[in-house]
Amino acid sequence: MKTGKVAVFIPSKYRDFVDEELSLVKTVYGVVDQVHFVKRPNPRTYIQQDKLKELAENPPDKLVVMDILRPSQVTNILREVKTEVVDRVLLILEVFAQHAGSREALLQIELARIKHMLPLVRDFIRKSKLGELAGYLGPGRYGYEKYYTFLRRREGRIRREIEEIRRVREVRRERRVREGVPHVAIAGYTCAGKTTLFNALTGKNMPVGPEPFTTLSPKTAKLDIDGVHMVVTDTVGFIRDLPPEITEAFYATLEEVTAADLIVLVVDSSKPLKRVISEVDSSLKIFNDIGVHGKPIIIALNKIDLINVNGVEELVRELSKSAVNATRIVPISAEKRINLDALKREIVGVFKGT
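Using the UniProt record's numbering, you'd call the opening residue of the sequence shown number 1 and step up by one each time.
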């Protein structure tokens, strides 16, 4: 989706991750015209009043806030600026929608969008009753009430269809377990190179790219290493501070991680040391939150072709101290096919108990 002028407001807590935040915006809208940092969000409008007045005089086509806005903040911004307001939740869902490759992914996106929209529509209804939206924001109270009812019914239908898709996948998973086929899940932050590694291991040619969330639905392929037959699944990437409603809506993509016999955690080693350690720590926390306990984890330090040997050695040392839950740490380059044999040996070693 390409658009006209885009103004982006980023909370100060993301100042060190501006490149990641703007990459999400550019993935959806192509351009960014203005970037503003918000140190202390205004409780009423999130954006400070003086800045809102400036925007009202020369409104952008899109006003993107890289934080989760309350419904009242959205309506208050709309009243001041009268332009489309997109918060972090809606932006990430739009990124997801651009890469949805399956019926399940599309349903998960729609479900998350509905869950995010319902409180906003409720706020529109409340303010319409109070007369605060008279002649403003479209259909009025009764129109919003009809829309709210439609969303609730649609939410129920989507949940039932998703449950059926999960049931079918669970049947397949149980069959693999009965057949004794080990299951490897490739997981990690978005843009770490998970799909590139998946392709390198399996010989597949799944789409890869620099934009976030190229993979939205779990993709599974068979793999044979030294006579050990297994299946490998490429999963959706994590992102910093993923909004709770998105995490819940995309739980199906994480089921493959919880059901795996081994997790390969792919990490972009070309990032600064502090960020690499932070991403590993938060990934391990996500595993814990979704119920991954006691499973072997191999950290694949990817993109080592972009850093020097000393940098790789320092990363291994530091991660050995902090990532105590990891079974092994293997430096690799999935794109350049560097050290993949070592990674394969470690994978087989887990299943052979060596």
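For every residue, glycine included, the Cβ atom is placed at its ideal position computed from N, Cα and C.
Here T83 carries a coil assignment [DSSP, helix/strand/coil]. At a Cβ-Cβ threshold of 7 angstroms, T327 and G291 do not count as neighbours. The three-state reading of DSSP puts G188 in strand, counting E and B together. For the pair G193 and V266, the CB atoms are nearer than the 7 angstroms cut-off.
Using a Cβ distance threshold of 7 angstroms, I329 and L340 do not count as a contacting pair. DSSP places M230 inside the beta strand (DSSP E), whose first and last residues are 228-234. For K219, the enclosing beta strand (DSSP E) has its first and last residue at 219-225. Residue state for S282 is assigned as helix, using DSSP reduced to three classes. Around the C-beta of S12, fewer than 16 other C-beta atoms lie within 10 Å, and the residue is accordingly described as exposed. Take the alpha-carbon of L55 and the one of K26: they are about 20 angstroms apart. A direct Cα-Cα distance of roughly 9 angstroms separates E104 from R166. Straight through space, the alpha carbons of E255 and D224 are spaced by roughly 23 angstroms.
Taking a cut-off of 8 angstroms on C-beta distances, the region 228-239 does not touch the region 142-154, as fewer than three cross pairs fall below it. By the neighbour-count definition (other C-beta atoms within 10 Å, threshold 16), L52 is a buried residue. In terms of Cβ geometry, K204 and A187 do not form a close pair [threshold 7 angstroms]. Secondary structure at L201: helix, using DSSP grouped into helix, strand and coil. DSSP, reduced to helix, strand and coil, places R169 within a helical segment of the structure shown.
The Cβ-Cβ distance between I307 and P331 does not fall below 7 angstroms. Apart from sequence neighbours up to five positions away, the residues of its chain that approach V121 with a beta-carbon distance below 8 angstroms are Y144, Y147, Y148, L151, ordered along the chain. Residue state for K274 is assigned as helix, using DSSP reduced to three classes.
The DSSP assignment places complete alpha helix (DSSP H) segments of no fewer than 4 residues inside the region 301-326 at 309-322, in order along the chain. One thing to note: A112 has its Cβ no nearer than 7 angstroms to the Cβ of L63. DSSP places N288 in the helix class (H, G or I) of the three-state scheme. Taking the Cα positions, D289 is about 14 angstroms away from P243. Counting only the Cα atoms, L106 lies some 10 angstroms from Q98. In the DSSP assignment, the residues bridged to F238 are Y189. Taking 3 residues as the shortest admissible run, the region 43-109 contains the following complete beta strand (DSSP E) segments, listed from N- to C-terminal end: 62-65, 84-87. In this structure F9 touches V65 by the C-beta definition: roughly 5 angstroms separates them, less than 8 angstroms.
With distances taken between CA atoms, G4 lies nearest to Q34 out of E279, Q34, L69, D67.
With respect to the C-alpha of S282, the residue from N302, R88, S322 having the closest C-alpha is S322. According to the DSSP assignment, I347 belongs to no beta strand (DSSP E) but to the alpha helix (DSSP H) extending over 340-352.
The beta-bridge partner set that DSSP reports for S23 is empty.
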